[in-house]
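Trainee: Have a look at the structure that comes next, please.
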Amino acid sequence: MCQAVTKKQVMLHGADYNPEQWAHDEAIFEEDLRLMKKAKVNVMSVGIFSWAKLEPEEGIFDFNWLDTIINRLYDNGISVFLATPTGARPTWMSEKYPEVLRVTKQRQRNLHGMRHNHCYTSPVYREKTTIMNTKLAERYSAHPAVLGWHISNEYGGDCHCDYCQQAFREWVKDKYETLDALNHAWWTTFWSHTYTSFTQVESPAPHGEEFVHGQNIDWKRFVTDQTLDFYRHEVKPLKEKNANIPVTANFMELFEGLNYDRFKDDLDIVSWDSYPTWHFEESDLDVASYTAMNHDWFRSLKDGKPFLLMESTPSLTNWQAISKLKKPGVHHLSSLQAVAHGSDSVQYFQWRKSRGSSEKFHGAVVDHVGHEHTRVFKDVAAVGASLETLAEVVGTRIDAKVALIFDTENRWAINDAQGPRNSGVHYEKTVLEHYRGLVAQGVNVDVISSERDLSTYALVVAPMLYMVRSGIGEKIEAYVEQGGTFVSTYWSGIVNETDLTYLGGFPGPLRKTLGIWSEEIDALRDEEYNQASALTGNALMLNGRYRIKELCDLAHTETATTLMTYDQDFYRGYPALTVNHLGKGQAFYQAARFELDFQCDFYRQLIDQLGIARALDTNLPEGVSVSRRENSEAAYIFVMNFNQRPVTLALKETFKEVLTKETLSGHLALEAFGVAVLKQVK
Amino acid sequence: MCQAVTKKQVMLHGADYNPEQWAHDEAIFEEDLRLMKKAKVNVMSVGIFSWAKLEPEEGIFDFNWLDTIINRLYDNGISVFLATPTGARPTWMSEKYPEVLRVTKQRQRNLHGMRHNHCYTSPVYREKTTIMNTKLAERYSAHPAVLGWHISNEYGGDCHCDYCQQAFREWVKDKYETLDALNHAWWTTFWSHTYTSFTQVESPAPHGEEFVHGQNIDWKRFVTDQTLDFYRHEVKPLKEKNANIPVTANFMELFEGLNYDRFKDDLDIVSWDSYPTWHFEESDLDVASYTAMNHDWFRSLKDGKPFLLMESTPSLTNWQAISKLKKPGVHHLSSLQAVAHGSDSVQYFQWRKSRGSSEKFHGAVVDHVGHEHTRVFKDVAAVGASLETLAEVVGTRIDAKVALIFDTENRWAINDAQGPRNSGVHYEKTVLEHYRGLVAQGVNVDVISSERDLSTYALVVAPMLYMVRSGIGEKIEAYVEQGGTFVSTYWSGIVNETDLTYLGGFPGPLRKTLGIWSEEIDALRDEEYNQASALTGNALMLNGRYRIKELCDLAHTETATTLMTYDQDFYRGYPALTVNHLGKGQAFYQAARFELDFQCDFYRQLIDQLGIARALDTNLPEGVSVSRRENSEAAYIFVMNFNQRPVTLALKETFKEVLTKETLSGHLALEAFGVAVLKQVK
Amino acid sequence: MCQAVTKKQVMLHGADYNPEQWAHDEAIFEEDLRLMKKAKVNVMSVGIFSWAKLEPEEGIFDFNWLDTIINRLYDNGISVFLATPTGARPTWMSEKYPEVLRVTKQRQRNLHGMRHNHCYTSPVYREKTTIMNTKLAERYSAHPAVLGWHISNEYGGDCHCDYCQQAFREWVKDKYETLDALNHAWWTTFWSHTYTSFTQVESPAPHGEEFVHGQNIDWKRFVTDQTLDFYRHEVKPLKEKNANIPVTANFMELFEGLNYDRFKDDLDIVSWDSYPTWHFEESDLDVASYTAMNHDWFRSLKDGKPFLLMESTPSLTNWQAISKLKKPGVHHLSSLQAVAHGSDSVQYFQWRKSRGSSEKFHGAVVDHVGHEHTRVFKDVAAVGASLETLAEVVGTRIDAKVALIFDTENRWAINDAQGPRNSGVHYEKTVLEHYRGLVAQGVNVDVISSERDLSTYALVVAPMLYMVRSGIGEKIEAYVEQGGTFVSTYWSGIVNETDLTYLGGFPGPLRKTLGIWSEEIDALRDEEYNQASALTGNALMLNGRYRIKELCDLAHTETATTLMTYDQDFYRGYPALTVNHLGKGQAFYQAARFELDFQCDFYRQLIDQLGIARALDTNLPEGVSVSRRENSEAAYIFVMNFNQRPVTLALKETFKEVLTKETLSGHLALEAFGVAVLKQVK
């Protein structure tokens, strides 16, 4: 983990900082330094969109202003994440070299504008990037203020220019080597699409081909690979100058455009930008779970190593449907939720609100009014104070015995598929429901791709594992045979890595593990439901009836045992929940989409059965979440109340509460949106 | 009608077959032959998307694989419909000759991709088609397995390339001869659109002209004519080799893009692809009626000659909003519904499910599991068995005394009109409601264009006959004068064939026939209703009040008599239903959009009054439909229960039930989704 | 005001007239003349889309037909508004000079088609316009039938061609002079958008830049300026020939595309096209208020000088979602509503219904039936009779003591802003609610831009005055200091003229006037509400609780006094309504979006407090509206009942009713949709 300029272990607290917007008024920078101390911040992300300022004309560079910024910050005890400025480019560059601009899938070249609009293949853009990043590295990689490199900004999107088409053709040729292999993988015989030359391959297009799913998914893989290649191209000159400065790239919540899993070995630290929609619904429990799952997903990218919350808003956003103020306590709770799930920072976009352009109403630490006497500024300062007390938590890790598979390639494939329910199969929501069923039990959960090692987990859950790539089925089977517990659902084991269906019976490579054969799958209308009843004496001791929606698998048990059956329609009596014993382990199959109430009951029974330890040994009221970070000396149990009302929990041990330094025993009382950090010395 | 390779009169049973997708595994073809026998199929449609396989490089042809397929099928007693492969083209062709690809109405040329994407004017595409079709004809038109030609696949769409623009200009010039005639017909003086040269004529475009309705409808006519011309171009080399092999082109349900009426003389057999959305709503009665109307529409294209059900799904589709499994009995009922309405075949898309690309989850006879031990396969085999028992029905015809006018050009014009209710005038739904009112009485109904001969019908119904082309009004008037009964509605007799309004009073050429003058028409909001009450002692003995919606005509009777009047709004008391006596006949006018309950009552009274014979002399429970096919020796009465519960009907005669070979008298009991075929020997 | 050919002061009554559509049948023109007399019309707008007829080939002109039309109308006592024909152009012009056609923001050049599709910068189009308008002026500007020039038709839209890009760059350079000034004004440092050359400036584009709000609003200003420049270019040759003939351009309701305020000095008379959606909802009160506000807006453009209702429909439109017939009385009421609010005309689109093309079902005086025996024709003739009795009202003016600021640039800026409620801040609806609150009190209201002089008003209301351009804040402050009463709301005083936020505290330049500091603003979900309660003894004597929605400002009083506070959420107790006393005046601040009930109560109390005289001294039932026109001799009080039921009002004086010539005292009874005009001699 990075060390702040204080050289002490600190929780990072800071913001994106764009002082070039205020260069016309020098007093503002000095005022900012004064306010930064008041807000207890210790890090600023600088240079994110500064290319036009750093290179105002082609080949003419100006770093003096940046020197001043970094030096003065350093003088005031503030470190920086220094960005490469490739997230946007100067207008002169687009004017002189239109090739740096993206081409849409409709094959129209964009005009200059917006941001994140570069072609990642363009030789000119790559050359200009190398020049710029080299100069930044030369000048700043030895600067003691520089904590790390912030590479570009929120990578995303694709480009369909001729350079990218050519690169895609080469990528396809590298992958498949022969046209026969390509034609088989993409099943081109269908609709007479057989390729007779690699030159015929094109990216998907609305006025061309968008229905060859193997091609679609390969294009998405190519986009990830090409973006990663551009990222590596950015990092190269930085690492050449100083390999010790860590690099990160800020990722986005539940982002589908890139397979972040492929970046994990190239990042020194994972960071992401979190913009939860607090209060968009009457209850905040959905958004709290959703945000927690994102934290767990990003943390799990690098095997549990602490990550950074690179951006969040100190108050509201301006780009969502409504811009809601955070109620008292929420900013503090939201910030500490990140820490609870493994972040060693709380950072904001942005320090000072812009006066103009599209984000001038996005919340910032310093508002247009310009002073510190605002509710938002005080909230930020309070988070700063809490983070100081949490310095000892820095570097602690989360030990999870439960893994939830949320696989980006699977997601691409499911969402691109035609059938069985084009009005929505809701992969992401389904994964989130399993996540909520799990965390309601008070256990830490890793959220991982299906590529990861499973051997350390007591329980692996893989909802809707539609795409089972080569080796994955075998890995899961071995995991179960060696004693693991596996849970999967309908619409699993359907296709291989190029989206060709498995032949011989679904769920394909999971059939032996799950012990069932899935013959057909039925889709329900919105507002149409089926129901499942638990069989008497079932192995999980489940009781009663649960509502079912959207998709119902018609499966036959082979080696599995039925725990629940459907109540309605012509498949009444067919299995709705089964378990299969294989080797030392077991594998459950949910044949239909149950709802949240079922997942809570199901995972309570299962975690009890497996004896997985809770983060805190108590009954959790609804809306209260726990997370446990630990090192060899102590554990820190974050207890978070996402309800708009106070709650009380029973405590079976005595704890020191880190924020207040009080000693707690008997019970823990939390205000509405309150949070406590219980320390358990080992 | 075609004769299968058995040389016996058989109901055809088969599927689209694409063995080229499985060419890498020879065992699969042999397994298919085994399964085909089990499924009791006797025909396969082959070659539909095989161009890339038949001509893998330009001018290099490979028919050996197709020889094998056809020969081996023939050896196993299976005939083929042999397709011309123009529904998709090889990638090499698009690459070398981009002119074969369509240009959108935005004037952008498509990239290679999808299917049904050719320019029907392109000289290159026509040349390549002639070469291919000639080779197919030379090789296969004498093959005993070949039952008929399946021309291309689901023709549709339009192209706006320069070739098509030029062809459209020539078409316009041929039609109008002078610019004055063109300018008058399209009323171009409005908004200063006067054409001063034929070179100025363009197809409609969102960034050009889309509001000149005469131009829009002529473009649609041109597209039909150009597609028909392409079809004839395809057929020419086939017929030159063997004029005896019948040709068909598979049509699509309620398809608006082409005026199928114009194809009728060029088809030897009509065929269509039916994909009813069973179970998409709680009740299946809507979809059953909708499907029946389509059957009747396609059958009526060639004056009642049996048609072919060319495609249907043995289980579910993958391209609709939800993919619902058919409940037990539904596949059998749905298949026999086609036969009941005049089909001599039941065929599927497709035989074996694809492994990849966009339709890999579309239902097929042989599922990915690969064996016959599936519910779907058993359903198909059961249909095969029933079709064997129905061999004697082959060639029988339907005699309808009732005609319902559903006119494609009228539909184009109504749907393109601006006003009187841009939020929806619902022509198709209105026609369907009249259809349901009629078939609920147990009578056979022909569904025809307004061009057809009316003289054989006792009753002709023409809802919303907005466009009355030259001669049509006179024909209807003569029909009534000679004793016919005619029913029409509001929004009839408004425009002539180029969409110019009639002057001097609506309903224009129907005014004398209907005996009313329509002064104005009012539109109701969604959820706004009016009501009509029957006058005491009206000629149809209607009683009570009926709800009215959407459109209310303010008409004045001239020679007509009022049967019902409006109850509400300032036109309370205006006529809502009138009848006019002219010569030996009568003409009813529904002044507003009534709902289904009214149509059922109205047509019950009317059919009783006219004494039109029911297909079966009994009271039909709701959801039970009958259809009667007959020849000189016998009549076959199909009784179909579309309810999810059993029903019982009283029988006044004794019948032999063809499927079970039982003798029935007194009553007929049908299971949920059950069907019976009652034979009445003459 | 124009004088009709009768040379007497008359209310104008007429229609758009396009006899060139009927040139093939000479009898129709003669029949039209007969019908015009029956309808009591005295003016026709001719030549609006006649370019193709006037110049059928380039450089070949034909005015003979137009001579005949104008002369024969004149002979029959009918004047004309003569149009320049630039609203559409001949096909030959688009064919030969594609540059006259617009380029969309996607940078695609349109094809010939539609109307209002010209580039206002194109040198060719300008040259052709000059030639045409010069010829029209030479031939007709001395014709006694010509009442005025009708310039083009419903100007609107923008063009993104290279000519327009160049013109925009010059406009920007003229405005900002230096790149530094431009970059500051558009805040281009954000996202690295700094311009280093004026050649880099482009119009907004979906595939370029659409998020730089300063750029967006300058583009809109440029479009207005360029359209105005084109308008001036059109007018120049007309005025050169005869400066005495007044010019007008027909404007559109609530049109956002142009800032009409910039045209006011270039128009001799304001005119507009009104198409209220009568009966689209159960109650007509919304549409009546909306239409009244439009009348007041257009009248206020030229400081209360009478305007012209240039277009309206005598029955229904054909381009709205539903085409509803007007109920009895509504056409008369709707027509007189225009007069009540300051119109000296009632004109229609169009005289005779087209036979073809897109508006053939748009209501017209003469329907397709061709005779006068229709309800619509009789309604028109009845309006003609009423207008004759109202001749003495011509030229009277409306004296309003209340001004409502509805500012087009503010509207552009609010609607382009991102945040605080992208799902809708509803500026227009909010302005309308204030308008309704005001007119429910029976006072005349001017609807003005924020540029206007305020000194004559007793009350100025400026809801959501987000953009306060230079000098406006100071003007308002001075207005209040000198004794004015000012009302504003949340989301005011946020940005300056280039959409840069004010620093130092909102509401920026209104802060001293309103006496509050707005710290934050919260957005509510749809269906989420807060509530405000009146404080005991508040200065407006308001009582009770009012519902609040959408936006809630968190303001702190500085010099203001709180009248109401929020009831809910964490800002319970914060001010919801305040008043500030400054100099001799006062300023109210509504901190949140109240609903209509509140505005009615608020303005009742306020108008009572201010002692502003009502147009008629009586209690107005809901749905009854009054408007008062006057000159030095008399006042004319229009009393209009927009309810579907009769109402009775108490009268405190005796009046002569102008339409019926009856003398009224004690009370006034109005039928459903009835109207009376009470004359009060001074």
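So the protein sequences, as listed, match chains A, B and C.
Mapping the first sequence onto the UniProt record's numbering, position 161 (from 1) lands on 161, and the numbers just tick up by one.
Mapping the second sequence onto the UniProt record's numbering, position 538 (from 1) lands on 538, and the numbers just tick up by one.
Mapping the third sequence onto the UniProt record's numbering, position 74 (from 1) lands on 74, and the numbers just tick up by one.
Even for Gly, the Cβ is constructed at its ideal location relative to N, Cα and C.
(1) Is the CB-CB distance between Ile-322 (chain A) and Ser-423 (chain C) below 8 Å?
(2) As a quick exercise: from A:Asn-538, A:Glu-497, A:Ala-539, A:Glu-481, pick the residue whose alpha carbon is nearest that of Thr-513 (chain A).
(3) Between Ser-358 (chain A) and Glu-177 (chain B), what straight-line distance do the alpha-carbon atoms span, to the nearest angstrom?
(4) Cβ closer than 9 Å: which chain B residues qualify as neighbours of Phe-570 (chain A)?
(5) Spatial neighbours of Val-626 (chain C) within its chain, please: CB distance less than 7 Å, with the 5 preceding and 5 following residues excluded, ordered by chain position.
(6) Given a threshold of 16 other Cβ atoms within 10 Å of its Cβ, counted over all protein chains shown, does Gly-214 (chain A) qualify as buried or as exposed?
(7) So, using beta-carbon positions, are Thr-557 (chain C) and Ile-516 (chain C) closer together than 8 Å?
(8) Closer than 9 Å by beta-carbon distance: list the chain A residues that pair up with Arg-375 (chain B), in chain order.
(9) Measuring alpha carbon to alpha carbon, tell me which of B:Ser-492, B:Phe-486, B:Tyr-17 ends up nearest Met-467 (chain B).
(10) Pull up the DSSP beta-bridge partners for Gln-590 (chain A), would you.
(11) Are at least three pairs of beta-carbons, each pair with one atom in the stretch 237 to 246 of chain C and one in the stretch 134 to 151 of chain C, less than 8 Å apart?
(12) In the stretch 90 to 160 of chain A, which residue ranges form an unbroken alpha helix (DSSP H) of at least 4 residues, counting only runs that do not cross its ends?
(13) DSSP three-state call for Thr-178 (chain C): helix, strand or coil?
(14) Rounded to the nearest angstrom, what separates Ala-137 (chain A) and Pro-237 (chain A) at their Cα positions?
(15) Give me the Cβ distance between Thr-313 (chain A) and Phe-349 (chain A), rounded to the nearest whole Å; I'm assuming they're in contact under 8 Å.
(16) In chain C, which residues lie with their C-beta within 9 Å of the C-beta of Phe-168 (chain B)?
(17) Using three-state DSSP, classify Arg-352 (chain C) as helix, strand or coil.
(18) By alpha-carbon positions, which one of C:Gln-108, C:Val-339, C:Leu-500, C:Val-402 ends up nearest to Met-11 (chain C)?
(19) So which residues on chain A does residue 688 (chain C) lean against when the C-beta distance must stay under 7 Å?
(20) Excluding the 5 residues preceding and the 5 following Thr-389 (chain A) in the sequence, name in chain order all residues of the same chain whose CB lies nearer than 7 Å to its CB.
(21) Do the stretch 428 to 436 of chain B and the stretch 588 to 602 of chain B touch if we need at least three Cβ pairs shorter than 8 Å?
(22) Could you tell me whether the Cβ of Glu-20 (chain C) comes closer than 8 Å to any Cβ of chain B?
(23) Give the interface partners of Gln-418 (chain C) over in chain A, defined as CB-CB distance under 7 Å, in chain order.
(24) For Arg-604 (chain A), which residues from the same chain have a beta carbon less than 7 Å from its beta carbon, with the 5 sequence-adjacent residues on both sides left out?
(25) Just to make sure I have the definition right: I need the residues of chain C whose C-beta is within less than 8 Å of the C-beta of Tyr-435 (chain B). Which are they?
(26) Starting from Thr-291 (chain B), trace the alpha helix (DSSP H) both ways and give me its first and last residue.
(27) Can you grab the Cα-Cα spacing for the pair Pro-204 (chain B) / His-118 (chain B), in whole Å?
(28) Would you check if the distance between the CB atom of Val-381 (chain A) and the CB atom of Lys-40 (chain A) is smaller than 8 Å?
Mentor: Per the coordinate set shown:
(1) yes
(2) A:Glu-481
(3) 57 Å
(4) Leu-325, Lys-327, Pro-328
(5) Gly-442, Ala-615, Leu-616, Leu-620, Ile-637, Phe-638, Val-639
(6) buried
(7) yes
(8) Glu-519, Glu-520, Leu-554
(9) B:Ser-492
(10) A:Thr-489, A:Leu-577
(11) yes
(12) 91 to 96, 123 to 140
(13) coil
(14) 7 Å
(15) 7 Å
(16) Correct list: empty, because the minimum Cβ distance to chain C is about 14 Å.
(17) strand
(18) C:Val-339
(19) The displayed coordinates of chain C run from 1 to 682. Any statement about residue 688 (chain C) would go beyond what the structure contains.
(20) Val-658, Leu-659
(21) yes
(22) yes
(23) Asn-318, Trp-319, Ser-358, Phe-361
(24) Gln-441
(25) Ordered by position in chain C, no residue passes the 8 Å Cβ test against Tyr-435 (chain B), which lies about 26 Å from the chain.
(26) 285 to 301
(27) 19 Å
(28) One detail in the question is off: residue 381 (chain A) reads as Ala in this sequence, not Val. Contact: yes.
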